[in-house]
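A quick write-up on the structure given underneath.
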Amino acid sequence: MTQQLVIYPLLLQMFLAIVLMFSWSRTSWQKVISITGSLISLGVAVWLFSHVWEYGTQTIQAGNWAPPFGITFVADTLSTTLVLLTSIAGVAVSSFSSASVIPSRLKFGYFPIFHFLLLGLNGAFLTGDIFNLYVWFEIIIITSFVLLTIGGEKAQLEGAVKYFTLNILASVIFLTAIAVLYGLTGSLNMADLAGKVAAVENRTLIQVNALLFLIGFGIKSAVFPLYFWLPASYHTPPSAVSSIFGGLLTKVGVYALLRVFTLIFEIDAFLENVLLTIAVLTLFSGAIGALVQNNIRKMFSYLVICHIGYMVAGLGMMTEVAIAGAVFYLVHDILVKTNLFMVTGLIYKIKGTNSMKKLGGFYADHPMLSLLFAIPLFSLVGIPPLSGFWPKLSLISAGFETGNYVVIGGILFASFLTLFVIVKFWSEVFWKSGAPIKRIKNFPYFNRLRSYRKVQILGPIVFLSIVTLYVGFGAENIQELATRISFELLNSEGYIEAVFNNARIVQP
68 MTQQLVIYPL LLQMFLAIVL MFSWSRTSWQ KVISITGSLI SLGVAVWLFS
118 HVWEYGTQTI QAGNWAPPFG ITFVADTLST TLVLLTSIAG VAVSSFSSAS
168 VIPSRLKFGY FPIFHFLLLG LNGAFLTGDI FNLYVWFEII IITSFVLLTI
218 GGEKAQLEGA VKYFTLNILA SVIFLTAIAV LYGLTGSLNM ADLAGKVAAV
268 ENRTLIQVNA LLFLIGFGIK SAVFPLYFWL PASYHTPPSA VSSIFGGLLT
318 KVGVYALLRV FTLIFEIDAF LENVLLTIAV LTLFSGAIGA LVQNNIRKMF
368 SYLVICHIGY MVAGLGMMTE VAIAGAVFYL VHDILVKTNL FMVTGLIYKI
418 KGTNSMKKLG GFYADHPMLS LLFAIPLFSL VGIPPLSGFW PKLSLISAGF
468 ETGNYVVIGG ILFASFLTLF VIVKFWSEVF WKSGAPIKRI KNFPYFNRLR
518 SYRKVQILGP IVFLSIVTLY VGFGAENIQE LATRISFELL NSEGYIEAVF
568 NNARIVQP
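Start counting the sequence shown at 68; every next residue gets the next number (the numbering used here).
Next up, the structure:
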């Protein structure tokens with residue numbers, strides 16, 4: 068049974084999506100099925116993570132073909148960690164969606180598409196085939212486009228067009244890079260490519276090919292200067308959709324960068340300079356973009372961009388400490404960004420606006436909620452000992468170790484501006500005198516909600532806040548995890564051996 072555990076997260080999400088399609092018009096059933104299925108998915112993700120932690124990298128072959136010819140799925144520590152984080156975010160967003168997304172949108176297939184999106188995310192993390200990584204990316208793009216446009220509002224459609232156009236461009240570049248890579252090596256299996264790419268004599272062509280992958284994944288990660296689609300689209304859909312987007316979608320691009328540039332391509336001096344330059348400019352541009360925003364969802368969208376720079380900087384420095392810092396930040400960022408977009412959604416439901424100029428008095432009206440919201444907000448800043456502090460420490464340490472003082476300056480600058488932005492947000496929304504509350508159609512005031520609806524909305528925020536506190540106060544455990552992942556990424560022999568020597572065949 069454990070032999071096929073690698074593909075259980077995929078099969079479960081596919082099963083949930085199909086079952087939900089048969090409950091298309093019965094939204095109450097969809098809510099129960101989605102939340103229950105998400106909890107089961109979390110249990111499966113914990114099981115898979117525990118199995119990989121104890122026994123090492125697990126692989127499976129879909130079809131009666133031995134590697135590198137079959138379609139390989141690989142569960143190593145990095146991929147299972149991300150599957151686990153996807154499941155945690157999935158549980159939270161599923162519950163939040165059931166109480167915050169209006170019924171008319173639920174009837175347009177919100178929950179089936181949501182679980183197809185989770186299927187695409189899990190597939191991207193677990194695949195060991197570079198072409199199938201492209202296929203999973205396409206599933207993510209299609210489902211996220213549908214979620215962006217559910218409701219058909221003008222702002223949603225405008226944002227969706229920009230989102231879809233640039234992500235399709237990224238897919239074209241990605242597919243072109245795959246074609247060139249296949250032409251050079253005759254293989255698509257990532258473990259097989261690790262050796263074959265190193266043996267190609269034309270290193271200039273390999274470097275050009277690596278740049279194509281960097282551009283394709285860079286668009287999906289929203290790095291400078293390829294990020295303009297993100298703040299134009301992430302603030303337009305319901306807050307539940309923005310939560311899963313802000314928490315996970317750009318991180319798929321970061322994962323792809325980590326995987327491809329540690330397993331397949333060697334980061335030489337040129338690529339190192341490119342990555343570090345992109346990282347610093349992403350930190351600067353995202354932070355400055357957040358600084359000038361009045362709309363709180365746009366502000367957090369720019370902070371999504373800004374903080375991608377930390378992870379790219381870790382990859383660019385390419386030491387064990389730096390990669391561990393990038394992975395730690397990846398864990399932290401998924402949890403905090405998912406939570407913060409839900410927080411902005413709840414603020415909108417209570418106050419009726421996303422404009423900081425029109426907000427205020429939140430602490431006076433809702434002191435306990437304000438204290439709850441402070442956990443992800445100040446974790447985002449990285450106030451010790453909260454979760455955002457520890458990975459920055461690792462990245463700064465790696466910067467000193469490698470002599471990248473400009474990168475250190477960029478990290479400190481982005482951290483300071485993030486602090487300034489959050490202090491401004493706290494002052495405008497929570498401390499200043501309150502503005503009159505605007506009634507929102509189809510959603511009553513928060514204090515009039517039934518108890519179970521409050522639990523469905525507040526429960527996910529509390530849940531992710533508790534997990535975030537664990538990441539901060541239990542930082543030694545997350546650091547151990549990040550260090551193990553860093554070691555595995557920088558020493559890919561274990562990954563390759565697992566694919567070729569431990570592959571388990573699944574009969575068709």
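From the three backbone atoms N, C-alpha and C, an ideal C-beta is built for every residue, glycine too. Keep in mind the model is a prediction, meaning the values are calculated, not measured.
**Prompt:** Gln546 by DSSP, collapsed to three states: which one?
**Reply:** helix
**Prompt:** Phe140 lies in the beta strand (DSSP E); which residues open and close that run?
**Reply:** 138–142
**Request:** For my contact list, Leu315 and Ala156 are in at a C-beta cut-off of 8 Å; report their separation, rounded to the angstrom.
**Result:** 6 Å
**Prompt:** Nearest to Ser454 by alpha carbon, out of Thr469, Ile401, Val473?
**Reply:** Ile401
**Message:** Please list the terminal residues of the continuous alpha helix (DSSP H) segment that includes Ala380.
**Reply:** 363–384
**Item:** Distance between Ser553 and Val247 (C-alpha atoms, nearest Å)
**Value:** 28 Å
**Message:** Here's a check: name, in chain order, each residue in its chain whose Cβ is nearer than 8 Å to the Cβ of Lys174, leaving out the five neighbours to either side.
**Reply:** Trp91, Ser92, Thr94
**Three-state secondary structure assigned by DSSP to Asn568** = helix
**Message:** Rounded to whole angstroms, what is the Cα-Cα separation between Arg520 and Ala166?
**Reply:** 6 Å
**Prompt:** Residues bridged to Ile450 by DSSP?
**Reply:** In DSSP, Ile450 forms no bridge with anything.
**Request:** Write down the C-beta distance between Ser146 and Phe192 rounded to the nearest angstrom, noting that I regard them as a contact closer than 8 Å.
**Result:** 4 Å
**Residue from Asp196, Ile331, Asn189 whose Cα sits closest to the Cα of Ile207** = Asn189
**Message:** For Ser500, count the other beta carbons within 10 Å of its own beta carbon; 16 or more makes it buried, fewer makes it exposed. Which is it?
**Reply:** exposed
**Asked** Under three-state DSSP, which class holds Phe510?
**Response** Caution applies to Phe510, whose pLDDT of 45 falls short of 50 and renders its modelled position unreliable; the value that the coordinates give is listed next. If DSSP states are grouped into helix, strand and coil, Phe510 belongs with the strands.
**Asked** Of all the options Val267, Val319, Thr232, Cys373, which has the alpha carbon lying nearest to the alpha carbon of Leu185?
**Response** Val319
**Prompt:** Run through DSSP, which three-state label would Asn256 get?
**Reply:** strand
**Message:** Is it buried or exposed, Asp143, if we count other Cβ atoms within 10 angstroms and call 16 or more buried?
**Reply:** buried
**Message:** Going by the DSSP bridge assignment, what does Thr126 pair with across the sheet?
**Reply:** Val141
**Prompt:** Hey, how far is the Cα of Leu281 from the Cα of Ala431?
**Reply:** 48 Å
**Unbroken alpha helix (DSSP H) run spanning Ile489, endpoints** = 472–493
**Prompt:** Would DSSP call Thr232 helix, strand or coil?
**Reply:** helix
**Asked** Taking three-plus beta-carbon pairs below 8 Å as touching, is the region 295–311 in contact with the region 378–397?
**Response** no
**Request:** Under 6 Å Cβ to Cβ from Ala307, same chain only, skipping five residues before and after it: list those, please.
**Result:** Val160, Phe163, Ser164, Ser167, Val168
**Classification of Met435 by the beta-carbon crowding that lies within 10 angstroms, buried from 16 upward** = exposed
**Message:** Once DSSP output is grouped into helix, strand and coil, what is the label at Ser162?
**Reply:** helix
**Spatial distance of Val538 from Glu495 (CA atoms)** = 28 Å
**Message:** Measuring alpha carbon to alpha carbon, tell me which residue in Gly427, Ala84, Ser310 is nearest Gln97.
**Reply:** Ala84
**Asked** Can the beta-carbon of Leu350 be found closer than 7 Å to that of Gly376?
**Response** yes
**Request:** Could you spell out where the alpha helix (DSSP H) holding Lys318 opens and where it closes?
**Result:** 317–330
**Request:** Report the residue ranges of all alpha helix (DSSP H) runs contained in full by the region 180–252; include only those spanning at least 4 residues, in chain order.
**Result:** 197–216, 221–252
**Request:** Return yes when the Cβ of Ala244 is within less than 7 Å of the Cβ of Leu279, no when it is not.
**Result:** yes
**Prompt:** If we ignore side chains and look at the alpha-carbon of each, how far apart do Thr194 and Leu79 end up?
**Reply:** 16 Å
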